[in-house]
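Some notes on the structure that comes next.
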Amino acid sequence: MIKKENAYGKYMAILEANPGAFKGMIQEPQDRKKIIEPMFAAIGGTVEHYWLGVGSNMVYVVCNFSNENDIDLEAISMLVFSSGIASSMNMVKLMTSEEAVGAMKRAGELSYKPPSN
Numbered sequence: 047m048i049k050k051e052n053a054y055g056k057y058m059a060i061l062e063a064n065p066g067a068f069k070g071m072i073q074e075p076q077d078r079k080k081i082i083e084p085m086f087a088a089i090g091g092t093v094e095h096y097w098l099g100v101g102s103n104m105v106y107v108v109c110n111f112s113n114e115n116d117i118d119l120e121a122i123s124m125l126v127f128s129s130g131i132a133s134s135m136n137m138v139k140l141m142t143s144e145e146a147v148g149a150m151k152r153a154g155e156l157s158y159k160p161p162s163n
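Residue numbers for the sequence shown follow our numbering, beginning at 47 and rising by one.
See below:
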């Protein structure tokens, strides 16, 4: 069994920001990472990175949670999405390369029958 490198879950939130989000950022420039950190801290999370995609409307937030809880994670997604600043939002759980190797080995032990044509 692969030992988890970290005792917490690492996620990447991927948001497709709408024009209103950028309008707000231009009107009131501020470090968005610092703005969202208390929201994540309220559910036991930390924000590791906050990035904007160059030449795109995408926002990428890497966050860690010490107490992974689907209800709290979904609450963050609902809160941000309901604010109207994003056209779409995905919260993707990340795994280390070592964990991925474990998944590859496990996949090799399983069998799957694809649908027939």
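Think of the CB as a built atom: it goes at the ideal place given N, C-alpha and C, for glycine as much as any other residue.
To which residues of the same chain is residue i closer than 7 Å at the C-beta, ignoring the five residues directly before and after it?
i	result
Gly91	Cys109, Asn110, Phe111
Report all residues from its chain with a CB closer than 6 Å to the CB of residue i; omit the five preceding and five following residues, and keep chain order.
i	result
Arg78	Tyr96
Within a Cβ cutoff of 8 Å, which residues of the same chain sit near residue i, ignoring the five residues on either side of it in sequence?
i	result
Glu83	Thr92, Val93
Ile72	none
Pro75	none
Gly99	Val105, Tyr106
List the DSSP bridge partners of residue i.
i	result
Lys139	Tyr57
Ser134	Glu62
For the putative contact between residue i and residue j, defined by C-beta atoms under 8 Å, what is the C-beta separation to the nearest angstrom?
i	j	result
Ala63	Ile131	6 Å
Hey, which unbroken runs of the beta strand (DSSP E) at 3 residues or more fall wholly within the stretch 100-124? 104-111
Take every Cβ of the stretch 143-157, pair it with every Cβ of the stretch 113-124, and state whether three or more of those distances are shorter than 8 Å. no
Let me know the beta strand (DSSP E) ranges lying completely inside the stretch 57-103, each 3 residues or longer, listed in chain order. 91-98
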